[in-house]
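Presented below is the structure to which this report refers.
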């Protein structure tokens, strides 16, 4: 069974769309059909925007964020704090922090965690580059916002060691009860961490 | 809150993706992030396929199917029965019939149902064109595969009337119990139709 009736171009488009996360063969077909019916208003602008981004997207040379400019908008923004760097595993984490609007400094995107298996060493994660930035830019604080997984925490420890000789203070995200979280549904590890890190009110 | 952090090109792409059926802002963001990380393997081929289809897609002049060729692959296919036309409301219906592989003739895609409100009259649905085809091509049977809705059935009656002067036999899809359907869950209308159209075994 082909994706669409026998038209090679439309078939190929549906198969490519079906590879996107959140879309399967059925929803890809539906999306392509909708685009086909609204070629001028939807498909042509989308194709153009996508080609433009595919052509121009690159990893920011400073922080590793992905953007369509040589230096990403965050690194370019003069309004942002220049003495704080938040280290994240992935661009998705950077986006999440930006959506929350809780951090106004700059970033370092690792692009993964240390993993001999995946061939990801300190160089691949740009840790020497991060260390140079910390020294050259006179960074006051490096916040390690890595995932609370074994890999994330191992990498956090490695980075903390690598930056131990610098002036920067190293910090990490607090662990505890999520806002709106119910104790009843929390795992034991989180409950324990929240209890150990309890604070006076 | 912007879709992505401050990059105008990526923001625009996420917003366009979010308009596709089955994708919302969150899943569009996730899809674009995945494309950004796999620009060469996923994003560039997808953008190119989409641009190609956007450029070449057109309504088949014979049947109204959408394809990337002047005449659609179904109308071009010499292996298909030339004396049967199946009339459907929408390209989606044509695709569904093709996936099922149960019809080997050709199609006429109306692109809607008769609707004064939407400005859809017989001309917009190509009904005079269908009538000419029936005469010119010596069509033996026209199968009206319209939706079992009031609008679909009204349009089916109109088409049956319009083709009454031709040689073609006009038929419509059977109504009854869906394959695998449980009587307990069927609506009264379908049950009634299935009972009236009962057949000896």
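Chains as they are written, first to last, in full-length UniProt numbering: chain W, 1 to 201; chain U, 1 to 201. Here a beta-carbon is modelled for each residue, glycine too, at the ideal position from N, C-alpha and C. Every value quoted in this text rests on a predicted model; they were computed, and no experiment measured them.
CB contact below 8 Å: residue i versus chain U
i: residue 159 of chain W; result: no
i: residue 7 of chain W; result: yes
i: residue 147 of chain W; result: no
i: residue 39 of chain W; result: yes
i: residue 106 of chain W; result: no
i: residue 174 of chain W; result: no
i: residue 88 of chain W; result: no
i: residue 36 of chain W; result: yes
i: residue 169 of chain W; result: no
i: residue 18 of chain W; result: no
Neighbour flag for residue i against chain W, beta carbons, 8 Å
i: residue 81 of chain U; result: no
i: residue 21 of chain U; result: yes
i: residue 179 of chain U; result: no
i: residue 45 of chain U; result: yes
i: residue 27 of chain U; result: yes
i: residue 12 of chain U; result: yes
i: residue 52 of chain U; result: yes
i: residue 92 of chain U; result: yes
Nearest-angstrom beta carbon gap, residue j and residue i [assumed within contact, 8 Å]
i: residue 54 of chain U; j: residue 8 of chain W; result: Actually they do not touch by this definition, with Cβ atoms about 15 Å apart.
i: residue 130 of chain W; j: residue 87 of chain W; result: 7 Å
i: residue 120 of chain W; j: residue 109 of chain W; result: Between residue 109 of chain W and residue 120 of chain W the Cβ distance is about 13 Å, and since that is not below 8 Å, they are no contact.
i: residue 160 of chain U; j: residue 146 of chain U; result: 11 Å between Cβ atoms; not a contact.
i: residue 117 of chain W; j: residue 158 of chain W; result: Contact flag wrong, Cβ pair sits at about 16 Å.
i: residue 22 of chain W; j: residue 23 of chain U; result: 7 Å
8 Å CB neighbourhood of residue i in its chain, flanking five on each side removed
i: residue 3 of chain U; result: With a pLDDT of only 48 at residue 3 of chain U, under the threshold of 50, the placement of this residue in the model should not be trusted, and no figure is reported.
i: residue 98 of chain U; result: 74
i: residue 152 of chain U; result: 89, 113, 146
i: residue 32 of chain W; result: 4, 10, 13, 14, 17
i: residue 166 of chain U; result: 131, 134, 135, 139
Residues that DSSP places opposite residue i in a beta bridge
i: residue 172 of chain W; result: W:144
i: residue 115 of chain U; result: U:120
i: residue 106 of chain W; result: W:85
i: residue 187 of chain U; result: The partner list for residue 187 of chain U (beta bridge, DSSP) is empty, contrary to what the question assumes.
i: residue 58 of chain U; result: U:67
Contacts around residue i, its chain only, beta-carbon distance under 7 Å, and the 5 residues preceding and following it disregarded
i: residue 56 of chain U; result: 68
i: residue 75 of chain W; result: 60, 62, 63, 106
i: residue 142 of chain U; result: 85, 87, 134, 163, 168, 170
i: residue 65 of chain U; result: 72, 74, 91, 94, 107, 109
i: residue 80 of chain U; result: 74, 104, 105, 106
i: residue 173 of chain U; result: 145
Cβ neighbours of residue i in the same chain (closer than 6 Å, five flanking residues each side left out)
i: residue 177 of chain U; result: 194
i: residue 150 of chain W; result: none
i: residue 124 of chain W; result: none
Quiz prompt | Chain-ordered residues of the UniProt zinc finger region "C4-type" (60-75) of chain W with a beta carbon less than 9 Å from chain U | solution = 65, 66, 67, 68, 69, 72, 73, 74
Quiz prompt | Interfacial residues, the stretch 109-120 of chain W to chain U, with Cβ spacing under 7 Å | solution = none
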